[in-house]
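Protein chains in written order, with my numbering: chain A, 1 to 196; chain B, 197 to 392; chain C, 393 to 588; chain D, 589 to 784.
Beta carbons: idealized from backbone N, C-alpha and C, even for Gly.
These numbers were taken from a predicted model, which means no experiment stands behind them.
There are 4 protein chains.
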Amino acid sequence: MRRGTATVVPDPETALARPLRADARRNRERILKAARSVFADQGSDAQIDDVARRAKVGVGTVYRHFPTKDALLDALVRERFDEICVLADEALARDDAWEGFRDLVWRSAELNARDRGFCDAIAYHDQTAVVVDCGLMGRVEQLMRRAQAQGALRADATTDDISLMMCGLGSVVRTIPSPDVWRRYVALMLDGLRAT
Amino acid sequence: MRRGTATVVPDPETALARPLRADARRNRERILKAARSVFADQGSDAQIDDVARRAKVGVGTVYRHFPTKDALLDALVRERFDEICVLADEALARDDAWEGFRDLVWRSAELNARDRGFCDAIAYHDQTAVVVDCGLMGRVEQLMRRAQAQGALRADATTDDISLMMCGLGSVVRTIPSPDVWRRYVALMLDGLRAT
Amino acid sequence: MRRGTATVVPDPETALARPLRADARRNRERILKAARSVFADQGSDAQIDDVARRAKVGVGTVYRHFPTKDALLDALVRERFDEICVLADEALARDDAWEGFRDLVWRSAELNARDRGFCDAIAYHDQTAVVVDCGLMGRVEQLMRRAQAQGALRADATTDDISLMMCGLGSVVRTIPSPDVWRRYVALMLDGLRAT
Amino acid sequence: MRRGTATVVPDPETALARPLRADARRNRERILKAARSVFADQGSDAQIDDVARRAKVGVGTVYRHFPTKDALLDALVRERFDEICVLADEALARDDAWEGFRDLVWRSAELNARDRGFCDAIAYHDQTAVVVDCGLMGRVEQLMRRAQAQGALRADATTDDISLMMCGLGSVVRTIPSPDVWRRYVALMLDGLRAT
DNA sequence: CATGAATGAGACTTCATTCAT
DNA sequence: TATGAATGAAGTCTCATTCAT
Numbered sequence: 001m002r003r004g005t006a007t008v009v010p011d012p013e014t015a016l017a018r019p020l021r022a023d024a025r026r027n028r029e030r031i032l033k034a035a036r037s038v039f040a041d042q043g044s045d046a047q048i049d050d051v052a053r054r055a056k057v058g059v060g061t062v063y064r065h066f067p068t069k070d071a072l073l074d075a076l077v078r079e080r081f082d083e084i085c086v087l088a089d090e091a092l093a094r095d096d097a098w099e100g101f102r103d104l105v106w107r108s109a110e111l112n113a114r115d116r117g118f119c120d121a122i123a124y125h126d127q128t129a130v131v132v133d134c135g136l137m138g139r140v141e142q143l144m145r146r147a148q149a150q151g152a153l154r155a156d157a158t159t160d161d162i163s164l165m166m167c168g169l170g171s172v173v174r175t176i177p178s179p180d181v182w183r184r185y186v187a188l189m190l191d192g193l194r195a196t
Numbered sequence: 197m198r199r200g201t202a203t204v205v206p207d208p209e210t211a212l213a214r215p216l217r218a219d220a221r222r223n224r225e226r227i228l229k230a231a232r233s234v235f236a237d238q239g240s241d242a243q244i245d246d247v248a249r250r251a252k253v254g255v256g257t258v259y260r261h262f263p264t265k266d267a268l269l270d271a272l273v274r275e276r277f278d279e280i281c282v283l284a285d286e287a288l289a290r291d292d293a294w295e296g297f298r299d300l301v302w303r304s305a306e307l308n309a310r311d312r313g314f315c316d317a318i319a320y321h322d323q324t325a326v327v328v329d330c331g332l333m334g335r336v337e338q339l340m341r342r343a344q345a346q347g348a349l350r351a352d353a354t355t356d357d358i359s360l361m362m363c364g365l366g367s368v369v370r371t372i373p374s375p376d377v378w379r380r381y382v383a384l385m386l387d388g389l390r391a392t
Numbered sequence: 393m394r395r396g397t398a399t400v401v402p403d404p405e406t407a408l409a410r411p412l413r414a415d416a417r418r419n420r421e422r423i424l425k426a427a428r429s430v431f432a433d434q435g436s437d438a439q440i441d442d443v444a445r446r447a448k449v450g451v452g453t454v455y456r457h458f459p460t461k462d463a464l465l466d467a468l469v470r471e472r473f474d475e476i477c478v479l480a481d482e483a484l485a486r487d488d489a490w491e492g493f494r495d496l497v498w499r500s501a502e503l504n505a506r507d508r509g510f511c512d513a514i515a516y517h518d519q520t521a522v523v524v525d526c527g528l529m530g531r532v533e534q535l536m537r538r539a540q541a542q543g544a545l546r547a548d549a550t551t552d553d554i555s556l557m558m559c560g561l562g563s564v565v566r567t568i569p570s571p572d573v574w575r576r577y578v579a580l581m582l583d584g585l586r587a588t
Numbered sequence: 589m590r591r592g593t594a595t596v597v598p599d600p601e602t603a604l605a606r607p608l609r610a611d612a613r614r615n616r617e618r619i620l621k622a623a624r625s626v627f628a629d630q631g632s633d634a635q636i637d638d639v640a641r642r643a644k645v646g647v648g649t650v651y652r653h654f655p656t657k658d659a660l661l662d663a664l665v666r667e668r669f670d671e672i673c674v675l676a677d678e679a680l681a682r683d684d685a686w687e688g689f690r691d692l693v694w695r696s697a698e699l700n701a702r703d704r705g706f707c708d709a710i711a712y713h714d715q716t717a718v719v720v721d722c723g724l725m726g727r728v729e730q731l732m733r734r735a736q737a738q739g740a741l742r743a744d745a746t747t748d749d750i751s752l753m754m755c756g757l758g759s760v761v762r763t764i765p766s767p768d769v770w771r772r773y774v775a776l777m778l779d780g781l782r783a784t
């Protein structure tokens, strides 16, 4: 089910399956776009019918592209992680690894904080596969190793800590109404991760 | 939806409303007990019918005591916070405030970590009112102020940070399968909260 | 799932489960009646929603009584076999066992022939359990043994032959439009079963 | 829905319509072959998409050749009857008409018994037109008349009885799991048809 | 008061058939 | 002409909550 590409922004159409027909690709995009907005609005209560409606497409079409509600969510998650992968590359390009790491955390947290609905929708979606697939895991690991070598990140920190942190962040974002509380959460966590 | 009592450990039966008849009170307890175990087992999928069945009571009776699924959940949360209040009192009794604070965090985290089902069930339950109502907020604030005075807790820490932390913890507990990962989460957070 | 009663017309309400409340029993009857007529009209295409509508009952009520479309069908089949059980007892009361057997076959065939829709609906419903449960199997076996002893039924005939015959009959009834062709089918089969 | 050819073994391609282009004919064959195997595997649950997939052809192509699922089924039935026509000719070539008739019945029954899936798929398919169209009806009638003249087949037997019998057989084959029960059915039926 | 039967909107998904490419 | 993407009505079943007994 996973396509196993490791490029930064994997092009699912060119993987193993034959490329999508132009109209199908167009629909796929419309559906994803609609899904993004529907999930943003309704969170985990979002319904496939709404997605279809907003994409101006029959339900069947949605199901053809994403055989299951979960598959649709997965595609959305994949997109999000692809975005973050780009950020990770920028972080890796910097000399100061800790600054890179810190900013990466802030920027990806912000990405999530921007839509609570999405955080809500994916709360129960297993993301472990995606993080590895899209290559984010590898990049973050590299970044963390360098930050540790530079003595800025605590020596025992691992990528699992980041998963942990992001997991908790999701909860904070979708649960607490005040729009900026997540910043405090991230600040505390980063302090906890910094070398002492 | 909130019942608005302001006593430290409110006993909803003796508040303003007439005291419940003995059998009604017995039923209330049975329902709560059943609910605890059903939610523990099924998490957010638990159904009121299951609770009723396990309490050997009709659904109607459940609804008489708790007009809504959410109200039932709220009562459960209230119980949990009452437990923690006791722990908070023990913490306040200690000389070293930071140790008291730290242990309180660990012990209440453990309480939650012990049942993922419950964490799952209350994931979307707004707990702000309860924390205040039951007096936990006040106790924790006191504890934190003392820990700050002793120079062990970072000066800018507030009770909101604790809410934040517990909120994230819930997500970690119910999302991540490995049974002890939550400990790492708590450790990081406490490190983030310690005075530097 | 089977209640294992062996009385002629089993009273499912008094079996192992507690007796149904008066209104529930009334609804159960209404649903069965509605189901009979809906299946008669629409055959296997009949929908639970139609049954509910015709019974003037919510879908949920139908599902409460019969957790599955198949369970509803099963109840209908059970009723039908109970009817036939009565006929079987009449057949057993006669002196001439072959005449009893023959008439039983004719009368139960007629029962089925009267509603094609029903035959259609139960075409894929496994009836083996029901025939045994309701005691029909036993009665027919007795009848056949006596008819064999009297030298009228071929010696190698078993109750399986009857199942076979009724199975084929269903197909004839629901497939062939001319309303009386089934009679020829039964006649041929009986000739095939008579001792030579 | 019927194509109304009246030749003995109609070749729908060469009839009145323009002959199909070579590739179109090839496709038609592939589709039929695929359909045979798909229906054999899945019975009445078979989907046109599966047929197309197995034929390595688009659904549209299937629909071009067979405007309806039913039309496809009809073609399959037609093929089956064509096979039986050949058997009927062999039967007619024998001196003993009853033996010819009996063997014809056994052999065609076996043909059906070999694939339950097919029996299942055509359970609701009206075959009356096809039997006449393909000339099977005529042959069987001839055979039966000769068998009657030879005093082996009961005088009142008609081709309708055979339809009846085959109709019931289908039900037995697809309903009863034990793989050889159909033989008993055929035996009984033949006994019912033999002159006494 | 307790009971548990009833309600019914709504969720997800399937598949024969059409039609744009 | 072939392709396969799109359609969308329809079907089964769930469950929080209400209400007659």
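Who are the near neighbours of residue i in its chain, counting only those whose CB is closer than 8 Å to its CB and skipping five residues on each side?
i, result
"K801 of chain D", "The requested residue 801 of chain D is not part of the displayed model; chain D covers only 589 to 784."
"T14 of chain A", "With a pLDDT of 40 at T14 of chain A, under the threshold of 50, the modelled position of this residue cannot be trusted; read the value that follows with caution. None."
Tell me whether the beta-carbon of residue i lies closer than 8 Å to the beta-carbon of residue j.
i, j, result
"G509 of chain C", "G562 of chain C", "no"
"L661 of chain D", "I619 of chain D", "no"
"L339 of chain B", "A284 of chain B", "yes"
"I280 of chain B", "V258 of chain B", "no"
"Q519 of chain C", "V478 of chain C", "no"
"A293 of chain B", "A343 of chain B", "yes"
"C722 of chain D", "D670 of chain D", "yes"
"V336 of chain B", "I372 of chain B", "no"
"G151 of chain A", "A195 of chain A", "yes"
In angstroms with no decimal places, state the Cα-to-Cα distance between residue i and residue j.
i, j, result
"S178 of chain A", "S233 of chain B", "33 Å"
"A547 of chain C", "R418 of chain C", "47 Å"
"R591 of chain D", "L741 of chain D", "Caution applies to R591 of chain D, whose pLDDT of 34 falls short of 50 and renders its modelled position unreliable; the value that the coordinates give is listed next. Cα to Cα, R591 of chain D sits roughly 34 Å from L741 of chain D."
"R445 of chain C", "V451 of chain C", "8 Å"
"D246 of chain B", "M333 of chain B", "33 Å"
"L585 of chain C", "G756 of chain D", "16 Å"
"A345 of chain B", "V326 of chain B", "27 Å"
"A6 of chain A", "A91 of chain A", "With a pLDDT of only 34 at A6 of chain A, under 50, the local geometry of the prediction cannot be trusted, and no value is derived from it."
"Y712 of chain D", "R420 of chain C", "32 Å"
"L699 of chain D", "D748 of chain D", "20 Å"
"R456 of chain C", "E471 of chain C", "19 Å"
"D311 of chain B", "K657 of chain D", "54 Å"
"A24 of chain A", "M166 of chain A", "34 Å"
"R380 of chain B", "A218 of chain B", "46 Å"
"R145 of chain A", "A623 of chain D", "59 Å"
"D768 of chain D", "D376 of chain B", "59 Å"
Residue i lies in the alpha helix (DSSP H); which residues open and close that run?
i, result
"V253 of chain B", "Looking at the DSSP string, V253 of chain B is not in any alpha helix (DSSP H), and its letter there is neither H nor E."
"D181 of chain B", "Since the first residue shown for chain B is 197 and the last is 392, residue 181 of chain B is missing from the structure and cannot be characterised."
"I84 of chain A", "K69 to L92"
"C330 of chain B", "No alpha helix (DSSP H) holds C330 of chain B; DSSP gives it neither H nor E."
"D237 of chain B", "A218 to Q238"
"F493 of chain C", "A489 to R506"
Enumerate in chain order the residues of its own chain whose CB-to-CB distance from residue i is below 7 Å, with the five nearest sequence positions on each side excluded.
i, result
"A505 of chain C", "V565 and W574"
"V720 of chain D", "none"
"V105 of chain A", "V186 and L190"
"R538 of chain D", "Limits of chain D in this structure are 589 at one end and 784 at the other, which puts residue 538 of chain D out of reach."
"F458 of chain C", "L464 and A467"
"V449 of chain C", "N419, R422 and I423"
"A46 of chain A", "V38, F39 and A121"
Take residue i and list the residues in its own chain whose beta-carbon comes closer than 6 Å to its own, dropping the five residues that flank it on each side.
i, result
"L212 of chain B", "The predicted model places L212 of chain B with a pLDDT of 48, which falls under 50 and marks its position as unreliable; any figure quoted below should be read in that light. Contacts found: none."
"A40 of chain A", "D115, G117 and F118"
"P598 of chain D", "For P598 of chain D, the pLDDT reaches just 42, beneath the cut-off of 50, and the residue's location in the model is therefore unreliable, leaving the point undetermined."
"V400 of chain C", "No answer about V400 of chain C holds up, because its pLDDT of 36 lies below 50 and its placement is not dependable."
"G303 of chain B", "According to the sequence shown, residue 303 of chain B is Arg rather than Gly. Taken in chain order, the residues that qualify are L283."
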